[in-house]
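Asker: Residue numbers (my numbering): 172 to 440.
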């Protein structure tokens, strides 16, 4: 699956970051040249030209650099991104706190919606700015996610029953693998008698999915829900010798209906 194209605002931020990194590198190169004999020094203009060409060759992005900005940066002038950071209402430490909290909640099965993320940010800012702070704007959380899109993202949640979520912990996981190892060693099963089974639960009347925020490199973003919904379970079985059995479907039904076996290419039972 290909990645979605970045928005115009994200492209602009990426471009600004690339340019700022080049200016920082140029300032460091210019400073290092000052320790050399004057006749052998590379000028700021030539440094800018070399960095432009190298960046174009490596990325295909054409960025124009000003040699005056390189020398000014070497002498302590702050970059545009540093000025922009000062205008950001959250401090760097507060931003890191929000990102880590968002990831922690998502990993526990309680991902933050935009509303809950806004409430979290507002609470942090009221602690610093006072109770009179009215709160960030409606679109602030979207811009916050875009600024930190290397670590967090928005996705549609996948419901996960609370009892199943509670069963996923270090102790039960270790106990299961220990039991499997002991059983295989004790009985020495042949590969054709070893089966791996996985299951998926499907809610027949809609999944009540909503947009939530979590870690960028995570798979499905699960969201804990109460277990009072009717659920359809599908079991898929694969043998250790490479063969597989038809899937099994379990769902609530008052009586058997012949049509359940129609349109059934997998021959599920």
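Even glycine gets a Cβ: it sits at the ideal position worked out from N, Cα and C. In this text the structure is predicted, and so the values were computed from the model without any measurement.
In whole angstroms, what separates the C-alpha of residue 320 from that of residue 387?
Answerer: If you take the alpha carbons of residue 320 and residue 387, they lie about 7 Å apart.
Asker: Since residue 243 contacts residue 219 with CB under 8 Å, what's their CB separation in whole angstroms?
Answerer: At roughly 12 Å, the Cβ-Cβ gap does not stay under 8 Å, so residue 243 and residue 219 are not in contact.
Asker: Which residue or residues does DSSP assign as beta-bridge partners of residue 276?
Answerer: Beta-bridge pairing links residue 276 to no other residue.
Asker: So for residue 383, helix, strand or coil by DSSP?
Answerer: Reduced to three states, the DSSP call for residue 383 is strand.
Asker: Against chain B, with Cβ distances strictly below 7 Å, would residue 199 count as a contact?
Answerer: The structure shown contains no chain B; it holds only a single protein chain.
Asker: So, at 8 Å on beta carbons, what are the nonlocal neighbours of residue 270 in its own chain, with the 5 sequence-adjacent residues on each side left out?
Answerer: Closer than 8 Å at Cβ, skipping near neighbours: 319, 322, 323.
Asker: Tell me whether residue 285 is buried or exposed, calling it buried when 16 or more other Cβ atoms sit within 10 Å of its Cβ.
Answerer: Looking at its Cβ environment, which holds 16 or more other Cβ atoms inside 10 Å, residue 285 is buried.
Asker: Starting from residue 416, trace the beta strand (DSSP E) both ways and give me its first and last residue.
Answerer: That run of the beta strand (DSSP E) goes 415-421.
Asker: Is it right to say residue 289 is buried, meaning 16 or more other beta carbons lie within 10 angstroms of its own, or is it exposed?
Answerer: Residue 289 comes out buried.
Asker: Taking the Cβ atom as the reference point for each residue, do residue 302 and residue 384 lie within a distance shorter than 7 Å?
Answerer: No, Cβ-Cβ distance for residue 302 and residue 384 is not below 7 Å.
Asker: So if DSSP puts residue 366 in a beta bridge, which residue, or which two residues, is it bridged to?
Answerer: Its beta-bridge partners are 410.
Asker: For residue 172, which three-state DSSP category applies?
Answerer: At residue 172, the pLDDT of 42 sits below 50, so the modelled position is not reliable and the matter cannot be decided from this model.
Asker: Within 10 angstroms of the Cβ of residue 214, are there 16 or more other Cβ atoms? Answer buried if so, exposed if not.
Answerer: Counting Cβ neighbours within 10 Å, residue 214 comes out exposed, since fewer than 16 surround it.
Asker: Rounded to whole angstroms, what's the CA-CA distance from residue 184 to residue 206? Just pull it up for me.
Answerer: Rounded to the nearest angstrom, the two C-alpha atoms are 34 Å apart.
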